[in-house]
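**Q** Would you mind keeping the following structure in view while I ask a few things?
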Amino acid sequence: MQKTYYDPADLKKFGKISEWNEELGAKFFDYYGKVFEEGALTEREKSLIALAVSHTIQCPYCIDAYTGDGLQRGITKEEMMEALHVAAAIRGGASLVHGVQMMNKVNKLDM
Amino acid sequence: MIKSLHKRKSELAQSNKQLEILSNGIFQKGELPTFKDKIFETGQFPLKAKKLEILQINVGYMCNQVCSHCHVDAGPDRKEIMTRDTMSQCLEVIKNTGAHTLDLTGGAPEMNPNFRWFVEEASKAGIKDFIVRSNLTIITANKKYNDLPEFFKKYNVHVASSMPHWTKGKTDKQRGDGVFNASIKALKMLNAVGYGMPNSNLRLDLVYNPSGAFLPGNQKSLEKDFKKSLLEEFNIQFHNLFAITNLPISRFLDYLIASENYEDYMYSLVEAYNPSAVANVMCTNTLSISWDGYLFDCDFNQMLELPVNSKVKHISDYNEDLLEGRNIVISQHCYGCTAGAGSSCQGSVA
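Sequence order for the protein chains is B and P.
Take 1 as the starting number for the first sequence in full-length UniProt numbering and just add one per residue.
Take 1 as the starting number for the second sequence in full-length UniProt numbering and just add one per residue.
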């Protein structure tokens with residue numbers, strides 16, 4: 001029996017998700033493909049956003065995929081790490097900003 | 001500076017050892033289809049040679065650099081070098097063949113003592129596109145090479161220069177400390193005589209290989225990023241970028257095995273197999289000549305010591321009729337030229 005929840009080999013099988021619901025799977029991958037096409041943002045910028053988001057949602061498949069994608073696009077490790085700090089700052093900030101609620105509550109309840 | 005596999009007496013310096021790795025393991029176990037099976041599946045076996053268009057001559061394995069991915073296993077410790085006699089035999093073929101492109105490679109081709117003589121003689125032969133594959137740093141390595149940009153200009157040589165990235169870190173990691181700064185200096189020297197400038201007929205193209213176990217991204221996008229960075233940061237211009245996939249042979253194979261990336265890399269290549277790239281792979285219209293005059297379908301087959309499948313084996317016996325239509329010799333490394341947008345010495349092919 002497999003001893004971990006995540007298997008790197010499963011990333012290659014992502015496309016097979018469509019097998020049990022071809023219509024919705026096709027719609028998703030069509031949408032996914034369009035999202036990453038060059039638009040107002042370059043494909044390179046989108047790849048860095050995807051890498052940062054991958055860390056925020058803690059998706060190991062996505063981290064592997066967009067680290068590889070970034071290397072293929074010539075994105076440097078320094079750029080990748082900066083993107084990651086943006087994700088970390090937002091994630092940390094999201095916790096911290098709730099401190100205002102805590103402060104409001106304390107101010108209301110405390111004499 | 002690292003040493004060549006030959007100097008290190010690595011078992012991977014032997015082509016039969018490399019071919020054994022490429023034939024056994026995941027391919028023998030049937031986890032991945034062999035290249036032969038794959039092209040058979042898409043109706044493209046046997047792969048046939050078309051009319052000769054490009055004559056690629058490897059004038060020697062000697063090089064001033066020891067790049068970590070080098071498929072030639074070139075370096076300062078490699079002494080194999082083409083003689084003037086063999087060059088003369090090549091010149092006879094150049095004069096009598098229909099090939100429109102002559103592609104000189106190495107090692108650093110400029111290090112062959114007869115390089116300039118050969119360029120002068122070959123340029124008289126009416127070749128339309130005369131390419132020299134320069135590693136750039138040779139231009140700055142020694143005073144005797146400093147005038148190469150002017151020399152190239154005199155014979156209207158098309159310069160194709162290695163450049164793995166627009167940043168120092170990634171470039172030096174693949175090609176050795178100091179390579180980036182020396183390459184920038186050399187590119188400025190080439191620009192100064194007119195190479196790579198917009199509307200200039202002095203062609204300067206850059207050749208990009210990924211600096212690790214991954215495939216090259218979109219050639220046009222990479223070219224855009226290279227152009228933007230080199231222009232903004234160094235005021236350097238060039239014409240086109242050729243993106244080339246690293247083939248799993250020689251030092252790159254050694255790296256793949258040592259870094260435990262070999263199987264994953266082969267999976268990536270097979271997964272990215274593109275049947276439409278097969279029709280235009282370089283071996284179909286190219287002939288590769290080794291430093292000692294033997295004939296191969298491509299530079300990679302040359303390094304794997306897989307000679308052409310023809311009665312003609314050496315430049316001294318050259319016969320276009322006997323070579324045309326020959327079955328091209330293949331192995332699993334050929335997946336490298338047919339992955340994604342395809343890969344050749346001129347970059348993407350699909």
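Built from N, CA and C at the ideal position, the CB exists for glycine as well.
#1: Based on the DSSP secondary-structure assignment, which residues constitute the bridge partners of residue 351/P?
#2: Kindly say whether G347/P, judged by its beta-carbon, lies nearer than 8 Å to any beta-carbon of chain B.
#3: What in chain B is Cβ-close to H165/P, meaning under 9 Å?
#4: Go ahead and pull the three-state DSSP assignment for F36/B.
#5: Quick check: what's the CA-CA separation for K12/B versus E120/P?
#6: Excluding the 5 residues preceding and the 5 following S162/P in the sequence, name in chain order all residues of the same chain whose CB lies nearer than 6 Å to its CB.
#7: Would you call the region 92–109 of chain B and the region 281–288 of chain P touching, i.e. three or more CB-CB distances under 8 Å?
#8: Report yes or no: do three or more beta-carbon pairs, one from the region 18–29 of chain P and one from the region 94–101 of chain P, lie closer than 8 Å?
#9: Do R84/P and H6/P have their CB atoms nearer than 8 Å?
#10: I think Y335/P touches L230/P, with their Cβ atoms under 8 Å apart; what is that distance to the nearest whole Å?
#11: For D264/P, which residues from the same chain have a beta carbon less than 8 Å from its beta carbon, with the 5 sequence-adjacent residues on both sides left out?
#12: Taking C-beta pairs closer than 8 Å, name the residues in chain B that D299/P reaches, listed in chain order.
#13: List the residues of chain P that G68/B touches, going by C-beta distances under 7 Å, in chain order.
#14: Going by DSSP, what residue range makes up the alpha helix (DSSP H) through Q28/P?
#15: Taking the CB atoms as reference points, tell me whether V349/P and I39/P lie closer together than 8 Å.
#16: Just reading off the alpha helix (DSSP H) that Q65/P is part of, what are its end residues?
#17: Would you mind listing the beta strand (DSSP E) stretches within the region 175–255 of chain P that are 3+ residues and don't spill past its ends, in chain order?
#18: V278/P lies in the alpha helix (DSSP H); which residues open and close that run?
#19: How long is the line joining the alpha carbons of L247/P and P8/B, rounded to whole angstroms?
#20: With Q332/P as the anchor, note down where its beta strand (DSSP E) starts and where it stops.
#21: Count the other CB atoms, across all protein chains shown, that sit within 10 Å of the CB of N235/P; report buried if there are 16 or more and exposed otherwise.
#22: Is the CB of E22/B under 8 Å away from at least one CB in chain P?
#23: Kindly indicate if chain P contains any beta-carbon less than 8 Å away from that of E19/B.
#24: Near K153/P, which residues of its chain fall below 8 Å by C-beta distance, leaving aside the five closest residues on each side in sequence?
#25: Residues in its own chain within less than 7 Å of G107/P by CB, not counting five upstream and five downstream?
#26: Enumerate in chain order the residues of its own chain whose CB-to-CB distance from Y66/B is below 7 Å, with the five nearest sequence positions on each side excluded.
#27: Is the CB-CB distance between I244/P and P216/P below 8 Å?
#28: I'd like to know if K173/P contacts chain B, where contact means its C-beta is closer than 8 Å to some C-beta of that chain.
#29: In this structure, how does DSSP classify A89/B when only helix, strand and coil are distinguished?
**A** Looking at the atomic coordinates:
#1: Because chain P here runs from 1 to 350, residue 351/P falls outside it and cannot be looked at.
#2: As a working mapping, residue 347/P is identified with position 347 in the second sequence. So, not an interface residue.
#3: Start at 1 with the first residue of the second sequence, and residue 165/P comes out as number 165. In chain order: G74 and T76.
#4: The count along the first sequence starts at 1 and reaches residue 36/B at position 36. Here F36/B sits in coil by DSSP.
#5: Working through the first sequence from its first residue, we reach residue 12/B at position 12. Working through the second sequence from its first residue, we reach residue 120/P at position 120. Looking at the two C-alpha atoms, the distance is approximately 52 Å.
#6: Numbered from its first residue, the second sequence carries residue 162/P at position 162. Answer for S162/P: N135 and V207, listed in chain order.
#7: no
#8: no
#9: Taking the first residue of the second sequence as 1, we reach residue 84/P at position 84. Taking the first residue of the second sequence as 1, we reach residue 6/P at position 6. No; because the gap between Cβ atoms is not below 8 Å, this pair is not in contact.
#10: Counting from one through the second sequence, the residue named residue 335/P turns up at place 335. Counting from one through the second sequence, the residue named residue 230/P turns up at place 230. Y335/P to L230/P, Cβ: 31 Å. No contact.
#11: By 1-based counting over the second sequence, the position of residue 264/P is 264. Excluding positions up to five away in sequence, the list reads A213.
#12: As a position in the second sequence, residue 299/P is number 299, starting the count at 1. In chain order: nothing, as chain B lies at least about 23 Å away.
#13: In the first sequence, counting from the first residue as 1, residue 68/B sits at position 68. For a Cβ distance threshold of 7 Å, residue set F214 of chain P lies close to G68/B, ordered along the chain.
#14: Numbered from its first residue, the second sequence carries residue 28/P at position 28. Neither: Q28/P is in no alpha helix (DSSP H) and is coded neither H nor E.
#15: Residue mapping note: residue 349/P aligns to position 349 of the second sequence, counting from 1. Residue mapping note: residue 39/P aligns to position 39 of the second sequence, counting from 1. Cβ atoms of V349/P and I39/P: not closer than 8 Å.
#16: Looking up residue 65/P in the second sequence gives position 65. Neither: Q65/P is in no alpha helix (DSSP H) and is coded neither H nor E.
#17: 204–208 and 241–243
#18: To locate residue 278/P, count along the second sequence from 1; it is residue 278. Per DSSP, V278/P belongs to the alpha helix (DSSP H) from P275 to V278.
#19: Here residue 247/P is taken as the residue at index 247 of the second sequence, counted from 1. Here residue 8/B is taken as the residue at index 8 of the first sequence, counted from 1. Their backbone Cα atoms lie some 24 Å apart in a straight line.
#20: Along the second sequence, read from residue 1 onward, the residue named residue 332/P stands at position 332. Run containing Q332/P: none; DSSP gives neither H nor E here.
#21: Looking up residue 235/P in the second sequence gives position 235. Under this definition N235/P is an exposed residue.
#22: The residue labelled residue 22/B in the question sits at position 22 within the first sequence. By this cut-off, E22/B is not an interface position.
#23: The residue you call residue 19/B lines up with position 19 of the first sequence. Closer than 8 Å: no.
#24: As a first step, residue 153/P must be located in the second sequence, where it is residue number 153. Excluding the 5 residues flanking it on each side, K153/P has same chain C-beta neighbours closer than 8 Å at V193, G194, Y195 and L202, in chain order.
#25: Here residue 107/P refers to the residue found at position 107 of the second sequence. Answer for G107/P: G60, Y61, M62, C63, V72, A74 and R78, listed in chain order.
#26: Position 66 of the first sequence, counted from the first residue, corresponds to residue 66/B. S47, A50, L51 and S54.
#27: The residue labelled residue 244/P in the question sits at position 244 within the second sequence. The residue labelled residue 216/P in the question sits at position 216 within the second sequence. A contact, by the Cβ cut-off of 8 Å.
#28: Residue mapping note: residue 173/P aligns to position 173 of the second sequence, counting from 1. Not closer than 8 Å to any Cβ of chain B, the Cβ of K173/P fails to qualify, so no.
#29: Within the first sequence, the letter at position 89 stands for residue 89/B. The answer is helix: DSSP assigns A89/B an H, G or I state.
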